[in-house]
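Asks: This is the structure, below, for whatever I ask next.
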Amino acid sequence: MAHHTKIPKKEHRTREEIIADWVAEQAQAQRKGRKARRLPAGDVGVTINSLMDAMTIILVFLLMNYSVDPLRVDSGEDLKLPASTTEINPDPSAAVTVTARGIVVNDKAVVAVKDGTVDKAHKGGDETSLNIQPLFDALEQEATRQKEMSRLAGSKFDGVLTIIAHEETPYRLVTEVLYTAGQAEFQKFKFAVLKGAQRGG
Amino acid sequence: MARRNKKPFDDKIEDLNLVPIMNLVVCLIPMVLLGTALVKIGVINVNAPKFGMGQAAPDDDEQKPLNLTVAVGEDGFRITATGADINTVLGIAPEAVPGDDPAAAATGAGPKIAKSGENYDYVALYNMLVQIKEKFPEETIVNLTADSRIPFKIMIQTMDSIRIRLSENSYPDLAAFRTATVDYDGNNVKLLWPDVVFAVAQ
Chain C
0 MAHHTKIPKK EHRTREEIIA DWVAEQAQAQ RKGRKARRLP AGDVGVTINS
50 LMDAMTIILV FLLMNYSVDP LRVDSGEDLK LPASTTEINP DPSAAVTVTA
100 RGIVVNDKAV VAVKDGTVDK AHKGGDETSL NIQPLFDALE QEATRQKEMS
150 RLAGSKFDGV LTIIAHEETP YRLVTEVLYT AGQAEFQKFK FAVLKGAQRG
200 G
Chain W
0 MARRNKKPFD DKIEDLNLVP IMNLVVCLIP MVLLGTALVK IGVINVNAPK
50 FGMGQAAPDD DEQKPLNLTV AVGEDGFRIT ATGADINTVL GIAPEAVPGD
100 DPAAAATGAG PKIAKSGENY DYVALYNMLV QIKEKFPEET IVNLTADSRI
150 PFKIMIQTMD SIRIRLSENS YPDLAAFRTA TVDYDGNNVK LLWPDVVFAV
200 AQ
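As they're listed, the protein sequences go chains C and W.
Residues in the first sequence are numbered consecutively from 0, following numbering that gives the first Met the number 0.
Residues in the second sequence are numbered consecutively from 0, following numbering that gives the first Met the number 0.
Below is the structure:
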């Protein structure tokens, strides 16, 4: 009788209980199995070799591009290039940068700009003058250096100047810069722009 | 364990620990990508500026140059030329000058292209310049001048509109102008008024 009563007890176990037991057993077996197999360290984890290869190639490619780029512009709040539909690529040349706060010749600040104008003290005290004296001095120095270099190299001084100007620079300041550069014997100008704009604004 | 005792020296080559290099590469790539790939810089060629508008051409010159000038004002464009009467070229009636302004008449003031709303009407400018080009196919020089407060980006957009010849001679609206394709002459882009010279308005 005692035996008899035990069996129905077992049969009365709910489905959930059976499943729970089974899961526990399986987990134990797995733990044992893992200990027994003991995989060598390093064989676990995702294979990243192919990813590594791709990344290394991309990095080298990008770094090459970076160093070959003849014109690099660090855009910011005070230097946003205007967009254009042009397809012409920049060439290495001397560069004048006109930001909202100053004029820079080849990474050297030469004169400050305030509200889109240069202080008249730098223009010989004359508001209507187009010549910006500190800019002229810096550009003349650059022109002399380039002429000396082309003389030694047996080539001709080409007088090319790249102008990197903020998009909100007033036309007056642009012409002042162009005039001053013209006085320093730069004759051809290239305006740096961002490619890929829509025609008509 | 048993295997290890049999083979005391593992013939497998140990991998390098590449995790630090990976970290570096993963950081560098977005940095360099942001710095270069997204920003494509181009240039627009411009000739040395001419200072003082409407300077008389040398008298010994056999054919008087057209001396076409596009002026950008706060309220729109104005096309002028000293070599020809632009109004006649375009076949439009000259604009009535308020008051007696001999200076305007002397410089050969051409048509005015008013802004359409807030924006400059580049389409009308292109259409007119194509008409002028048809009459003077040899001319390539255009003077560009502007009021002193006009921002640089307007000048760039104006140059974009007048330098390159598109497939059509005229466009009805901005949408058509934007989707227009550039006209090619063999492998080279056909040019409209490519030699832009900056000038200063007096």
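From the three backbone atoms N, C-alpha and C, an ideal C-beta is built for every residue, glycine too.
Between the alpha carbons of threonine 161(C) and alanine 83(W), how many angstroms are there, rounded?
Replies: Take the alpha-carbon of threonine 161(C) and the one of alanine 83(W): they are about 34 Å apart.
Asks: The alpha helix (DSSP H) with isoleucine 155(W) in it runs from where to where?
Replies: 151–162
Asks: Would DSSP call isoleucine 60(C) helix, strand or coil?
Replies: The displayed chain sequence assigns phenylalanine, not isoleucine, to residue 60(C). Phenylalanine 60(C) falls in the helix class under three-state DSSP.
Asks: Rounded to a whole number of angstroms, what is the C-alpha to C-alpha distance between glycine 75(C) and aspartate 14(W)?
Replies: So the two alpha carbons sit approximately 44 Å from each other.
Asks: Considering only the alpha carbon of each residue, which of Glu141(C), Glu184(C), Ala142(C) and Ile102(C) lies closest to threonine 168(C)?
Replies: Among Glu141(C), Glu184(C), Ala142(C) and Ile102(C), the Cα nearest to that of threonine 168(C) belongs to Ile102(C).
Asks: Give me the DSSP bridge partner(s) of phenylalanine 76(W).
Replies: Val71(W) and Ile112(W)
Asks: Roughly how many angstroms separate the alpha carbons of alanine 175(W) and threonine 139(W), rounded to a whole number?
Replies: 25 Å
Asks: Anything in chain C within Cβ reach of isoleucine 140(W), meaning under 9 Å, just list it in chain order.
Replies: The contacting residues do not exist; isoleucine 140(W) stays about 14 Å from chain C at best.
Asks: How about phenylalanine 197(W) and valine 45(W): are their beta carbons less than 8 Å apart?
Replies: yes
Asks: Under 8 Å: do the stretch 111–120 of chain C and the stretch 67–80 of chain W share three or more Cβ pairs, one atom per stretch?
Replies: no
Asks: Pair every Cβ in the stretch 163–170 of chain W with every Cβ in the stretch 108–120 of chain W, then say whether three or more of these pairs are closer than 8 Å.
Replies: no
Asks: Under the assumption that aspartate 194(W) contacts valine 141(W) (Cβ atoms under 8 Å), give the Cβ distance between them as a whole number of angstroms.
Replies: 7 Å
Asks: Within its chain, find whatever has a CB closer than 7 Å to the CB of aspartate 182(W); leave out the 5 residues flanking it on each side and keep chain order.
Replies: Arg164, Leu165, Ser166 and Lys189
Asks: Assign glutamine 27(C) to one of two classes, buried (16 or more other C-beta atoms within 10 Å of its C-beta) or exposed (fewer than that).
Replies: Glutamine 27(C) is classed as exposed because its beta carbon has fewer than 16 other beta carbons within 10 Å across all chains shown.
Asks: Can you pull out the residues from the stretch 176–197 of chain W whose beta carbon lies closer than 8 Å to at least one beta carbon of chain C?
Replies: Taking 8 Å as the Cβ-Cβ cut-off, the stretch 176–197 of chain W approaches chain C at Phe176, Arg177, Ala179, Val188 and Phe197, given in chain order.
Asks: Given a cut-off of 8 Å, decide if serine 160(W) and glycine 199(C) are closer than it, judged by their beta-carbon atoms.
Replies: yes
Asks: DSSP puts asparagine 88(C) in a beta bridge; with which residues?
Replies: In the DSSP output, where bridge partners are listed per residue, asparagine 88(C) has none listed.
Asks: Pull up the distance between the alpha-carbon of aspartate 106(C) and that of asparagine 88(C), whole angstroms please.
Replies: 21 Å
Asks: Indicate the three-state DSSP secondary structure (helix, strand or coil) for valine 199(W) in the structure shown.
Replies: If DSSP states are grouped into helix, strand and coil, valine 199(W) belongs with coil.
Asks: Would you mind stating whether valine 173(C) and alanine 164(C) have Cβ atoms separated by less than 8 Å?
Replies: yes
Asks: With a threshold of 8 Å between beta-carbons, can arginine 12(C) be considered close to chain W, or not?
Replies: no
Asks: May I ask you to report which of helix, strand or coil DSSP gives aspartate 59(W)?
Replies: With a pLDDT of 48 at aspartate 59(W), under the threshold of 50, the predicted position of this residue should be treated as unreliable, and no value is reported.
Asks: Is the separation between the beta-carbon of valine 42(W) and that of valine 192(C) shorter than 8 Å?
Replies: yes
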